[in-house]
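Note sheet for the following structure.
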Amino acid sequence: MCGIAGLANCGNREVLSRMTHVLVHRGPDDSGLWERTFSDGSYIGLGSRRLAILDLSADGHMPMCNEDRTVWITYNGEIYNFAELRRELQGKGHTFASHTDTEVLIHLYEEEGADCVLRLKGMFAFAICDLRSGKPQLFLARDHFGVKPLYYALRGKKFAFASELKSLLQVPHIEAEIDLESLHQYLTFLWVPDPKTMFRGIFKLPAGHSAVFRDGELTISRYWDLDFPPAGATYPRSESDLADELRERFRRSVEEQMVSDVPIGAFLSAGLDSSSIVAMMCRAARQPVRTYTITFPHKYRIGETTLDDPAVPARLARELGCENHQIVVEPDVADLLPRLAWHMDEPTADPATITAYLVCREARKQATVLLSGVGGDELFAGYRKHAAHPWVSAYQHLPGIVRSKIESSVNRLPGFRGTRLKGSIRLAKKMARSASLAPEDYFIRNCTYFDAAQKSNLYTREIQDQLRNADAAVRHRSSFDAVYNADFLNQMLYLDTKIFMVSLNLNYNDKMSMASSVEVRVPFLDRELAEFAAWNIPPNLKLKGFVRPTTKHIFRRAMRDVLPAEVLRQPKAGFAAPVDYWLAHDLREMVDDLLSETNIRKRGLFRPDIVRRLIDEHRSGAEDWSMQIWQFLTLENWMRIFLDAGARQSAEDFAQTPEAATA
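For the sequence shown, numbering that gives the first Met the number 0 assigns the number 0 to the initial residue and increments by one for each residue that follows.
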């Protein structure tokens, strides 16, 4: 696992060195640079920061080259089928100087060129400089699901790329400027969907895509996508047969991802996905598996329904015979927010970033690799929005006047903050504002935090004019179009996989784990496992029933003889955080300072009176605006770090983090 960076037709060794330096947390074990200036004056440089996972020797140093030094690579990730590919390549005459998957990638590219990505099982982002034709060419690729990030910027014929956006800001001609359309998306969803970023002119290479930079031109191509059978397709196999094969495929994926030359562990919440991973790890491991559970003091739990019960994973760990380290945290959240804003690169207003960071920071004391349950909900329909779909379909058959009265009554309900009803009321209000819409619009609306009218009222007149025709959901609509003929549940799963999972869940898991020099692996996102689930498991076995539909039914069935009934019955449990408590206590002063009328007016983005009204309504209990206020706080911290302080000053403030220095 590493941090990578590179330049073409711009910069020099000093710039490349700065780019890799700000990635020190991604690779505290080693660093390397390679550069070449060509006869026509063009320049290519590759940089790497290494976190040693496989072959801990100096043989794993990067950038790495082939025998005649005509192919160079900088690489971030893990290829789980590298041993099989290595044997195949040795049979074709390739020789190896290390036991790394990096060297396998080089020889596989020599053998198959751009098609090498079709052979890979794993998570990766890499760049290869190919000098064999006499004219240099850069080949870049990002893994099938986008587990590993890859940012790039193109300015004329000047090209730069990196694992993290902050690295690109070290390049002289790349400036930190806010992209207003991305701001529009951020206020809608809490984050910015790929391939855009919050920075104007800086993009992410989409998941399942590769790119070639040659002669000053960048060409991007899709090499893989997750697709589904058409609606109404027949599924001939029995439920028990599917459950058996699913369990075997999942077991194999977990075992493949346990390969490591450093200590390995796993997240363990009260939920089905992480529990299943740990159970399979315990079956394969020769010694007790280390597991990590994060929990908060009792005062944070008052009125919250989404904070995990630590007793459940503790009981499961005892039953499976594994270690369970419960991490009780009471963080200085006001101090953490700026640091995590720097690590995240872009404003990402999901407070789960904090819990992910804290558990990785503590786990790093004992383990360098952690397995995570990200992806299970997207493959097998595990979110409440999936379970709500049958209800919405039935609700839409009610007469319009009845629906109008129900929606009006729900919207008048108070937030019930400080009670266990808070989460249910928030969900009900989301449903009320979207349940009468067409299925695609209902799904999109149910994912939003500010609707179009609220954003228009929030923006200043100047920003309103610039965003008048902007559609924040353009990526969602294009993704619906890509699977228009699939069953609607599968359409929802496709959107969650292509947008929500990659732009939010995988993004913060990568950034927050690498902030502590920890590698996170995701066994659910095995390409063959995902393709099997998409094409062989009917929608009604993913989400089963109507009145109280069972989410992830087929996966629960597959794990029935592996996990105790208590875990199989557990509702969804993920990384949660006590946002309401923090806003009322630890962050009250920060809210009044960063979101003051003076600061809001200075930015020129929002109307100060509207922002203040949201804060006042939240504090009075009239409405629950906790996530929206969190959005404003996150955005303001991000602007102070990247727009006000500047990339170089921010790097000086944050690059040498305590966790990186002691890793």
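Backbone N, C-alpha and C fix where the C-beta goes; we use that ideal spot for every residue, glycine too.
task: Mind checking which residues open and close the beta strand (DSSP E) that includes residue 216?
output: For the purposes of this step, residue 216 is identified with residue 217 of the sequence shown, where counting begins at 1. Segment 216 to 221, the beta strand (DSSP E) holding residue 216.
- request: Any chance you could list the beta strand (DSSP E) runs of at least 3 consecutive residues sitting entirely within the region 249 to 305, in chain order?
  value: 263 to 266, 289 to 294
Reduced DSSP secondary structure (H/G/I, E/B, other) of residue 210: The sequence position of residue 210 within the sequence shown is 211, counting from 1. Looking at residue 210 - three-state DSSP - the assignment turns out to be strand.
message: Below 8 Å on the Cβ atoms is my contact criterion, and I expect residue 318 with residue 563 to pass it. Report the Cβ-Cβ distance as a whole number of Å.
response: Here residue 318 corresponds to residue number 319 of the sequence shown, with the count starting at 1. Here residue 563 corresponds to residue number 564 of the sequence shown, with the count starting at 1. Going by Cβ atoms, the distance from residue 318 to residue 563 rounds to 6 Å, so yes, they are a contact pair.
- prompt: Can we say the region 58 to 65 touches the region 76 to 86, given the rule of at least three CB pairs closer than 8 Å?
  reply: no
query: How would you label residue 661, buried or exposed, when you count the other beta carbons within 10 angstroms and need 16 or more for buried?
result: What you label residue 661 is simply residue 662 of the sequence shown in a count that begins at 1. Any reading at residue 661 is ruled out, since the residue's pLDDT is 34, under 50, leaving its predicted position unreliable.
- prompt: Can you tell me whether residue 657 is buried or exposed, with buried defined as 16 or more other CB within 10 angstroms of its CB?
  reply: Working through the sequence shown from its first residue, we reach residue 657 at position 658. For residue 657, the pLDDT reaches just 37, beneath the cut-off of 50, and the residue's location in the model is therefore unreliable, although a value from the coordinates is still provided. Counting Cβ neighbours within 10 Å, residue 657 comes out exposed, since fewer than 16 surround it.
task: Whole angstroms is fine: what's the gap from residue 240's alpha carbon to residue 273's?
output: Here residue 240 is taken as the residue at index 241 of the sequence shown, counted from 1. Here residue 273 is taken as the residue at index 274 of the sequence shown, counted from 1. Going by the C-alpha atoms only, they are around 23 Å apart.
- prompt: Quick one: is residue 643 buried, meaning 16 or more other Cβ sit within 10 Å of its Cβ, or exposed?
  reply: Position 644 of the sequence shown, counting from 1, holds the residue named residue 643. When all chains shown are included, residue 643 counts as exposed.
query: Going by beta carbon distance, what residues of the same chain come within less than 6 Å of residue 2, once the five residues before and after it are set aside?
result: By one-based count along the sequence shown, residue 2 stands at place 3. Counting only Cβ-Cβ distances below 6 Å, and skipping sequence neighbours, we find 22, 25, 26, 48, 162.
- request: Give a yes or no on contact between the region 354 to 370 and the region 257 to 275, applying the rule of three or more CB pairs nearer than 8 Å.
  value: yes
- request: On a CA-only basis, which of 505, 525, 526, 530 is nearest residue 518? Give me that one, please.
  value: Reading the sequence shown from its first residue, position 519 is the one you call residue 518. Of the candidates 505, 525, 526, 530, the one whose C-alpha sits nearest the C-alpha of residue 518 is 505.
query: Is the beta carbon of residue 44 sitting closer than 7 Å to the one on residue 88?
result: Position 45 of the sequence shown, counted from the start, is the residue given in the question as residue 44. Position 89 of the sequence shown, counted from the start, is the residue given in the question as residue 88. Not a contact, by the Cβ cut-off of 7 Å.
message: Quick test of your reading: residue 252 and residue 522, contact by CB under 8 Å. State the CB separation rounded to the nearest angstrom.
response: Here residue 252 refers to the residue found at position 253 of the sequence shown. Here residue 522 refers to the residue found at position 523 of the sequence shown. That pair is a contact at about 4 Å.
query: Under 7 Å between C-beta atoms, does residue 504 make it to chain D?
result: Of the protein chains in this structure there is only one, and it is not chain D.
task: Below 6 Å CB to CB, which residues in the same chain sit around residue 31 once its five sequence neighbours on both sides are set aside?
output: Along the sequence shown, read from residue 1 onward, the residue named residue 31 stands at position 32. Within the same chain, residue 31 has close Cβ partners 47, 60, 61, 62.
query: What is the rounded straight-line gap between the Cα of residue 217 and the Cα of residue 136?
result: Numbered from its first residue, the sequence shown carries residue 217 at position 218. Numbered from its first residue, the sequence shown carries residue 136 at position 137. Each residue's Cα considered, the two are about 10 Å apart.
- prompt: Along the chain, where does the beta strand (DSSP E) that runs through residue 122 open and close?
  reply: Along the sequence shown, one-based indexing puts residue 122 at 123. Element bounds for residue 122: 121 to 129.
- request: Would you be able to state if there are at least three C-beta pairs under 8 Å between the region 309 to 325 and the region 274 to 290?
  value: yes
field: Anticipated Cβ contact below 8 Å, residue 355 with residue 511, distance rounded
entry: Here residue 355 refers to the residue found at position 356 of the sequence shown. Here residue 511 refers to the residue found at position 512 of the sequence shown. Sure, about 4 Å apart at Cβ, within 8 Å.
- request: Give the secondary structure of residue 553 by DSSP, where H, G and I count as helix, E and B as strand, and everything else as coil.
  value: Start at 1 with the first residue of the sequence shown, and residue 553 comes out as number 554. Helix at residue 553.
- prompt: Between the region 377 to 391 and the region 534 to 553, are three or more C-beta pairs nearer than 8 Å?
  reply: yes
- request: Tell me whether residue 660 sits in a helix, a strand or coil according to DSSP, three-state version.
  value: If you number the sequence shown from 1, residue 660 lands on position 661. Because residue 660 carries a pLDDT of 35, less than 50, the predicted location of this residue cannot be relied on, and no value is offered for it.
- prompt: DSSP on residue 587, reduced to helix/strand/coil?
  reply: Taking the sequence shown and counting its residues from 1, the one referred to as residue 587 is at position 588. Residue 587: helix per DSSP, three-state reduction.
- request: For the region 67 to 139, list the beta strand (DSSP E) runs that are entirely contained and at least 3 residues long, ordered along the chain.
  value: 70 to 78, 121 to 129
- prompt: So what's residue 147 in DSSP terms, helix, strand or just coil?
  reply: Along the sequence shown, one-based indexing puts residue 147 at 148. Correct three-state label for residue 147: coil.
query: Any chance the region 145 to 165 sits against the region 629 to 637, with 3 or more Cβ pairs inside 8 Å?
result: no
message: If you reduce the DSSP assignment to three classes, tell me which class residue 161 lands in.
response: The residue labelled residue 161 in the question sits at position 162 within the sequence shown. Three-state DSSP puts residue 161 in a strand.
- prompt: Which one or two residues does DSSP pair with residue 45 in a beta bridge?
  reply: Within the sequence shown, residue 45 is the residue found at index 46, counting from 1. DSSP output for residue 45 lists 5, 33 as bridge partner(s).
message: Let me make sure I understand the geometry here. Which of 487, 561, 120 has the alpha-carbon closest to that of residue 145?
response: Here residue 145 is taken as the residue at index 146 of the sequence shown, counted from 1. When each option's Cα is compared against that of residue 145, the closest is 120.
- request: Using a threshold of 7 Å, state whether the C-beta atoms of residue 129 and residue 70 are closer than that.
  value: Against the sequence shown, residue 129 aligns to sequence position 130. Against the sequence shown, residue 70 aligns to sequence position 71. Yes.
message: My output table needs one value for residue 535: the three-state DSSP class, helix, strand or coil.
response: Residue 535 sits at position 536 when you count from the first residue of the sequence shown. Of the three classes helix, strand and coil, the one that applies to residue 535 here is helix, per DSSP.
field: Span of the alpha helix (DSSP H), counted from its first residue to its last, around residue 461
entry: Mapped onto the sequence shown, residue 461 falls at position 462. First-last of the alpha helix (DSSP H) with residue 461: 460 to 465.
- prompt: Could you give the residue range of the alpha helix (DSSP H) that holds residue 369?
  reply: Against the sequence shown, residue 369 aligns to sequence position 370. Per DSSP, residue 369 belongs to no alpha helix (DSSP H); it is in the beta strand (DSSP E), 368 to 370.
message: Along the chain, where does the alpha helix (DSSP H) containing residue 202 start, and where does it finish?
response: Stepping through the sequence shown from its first residue, residue 202 is reached at position 203. Segment 201 to 203 is the beta strand (DSSP E) holding residue 202; no alpha helix (DSSP H) there.
field: Other residues of its chain near residue 585: CB distance less than 7 Å, five sequence neighbours each side excluded
entry: Position 586 of the sequence shown, counted from the first residue, corresponds to residue 585. These residues qualify, in order along the chain: 332, 333.
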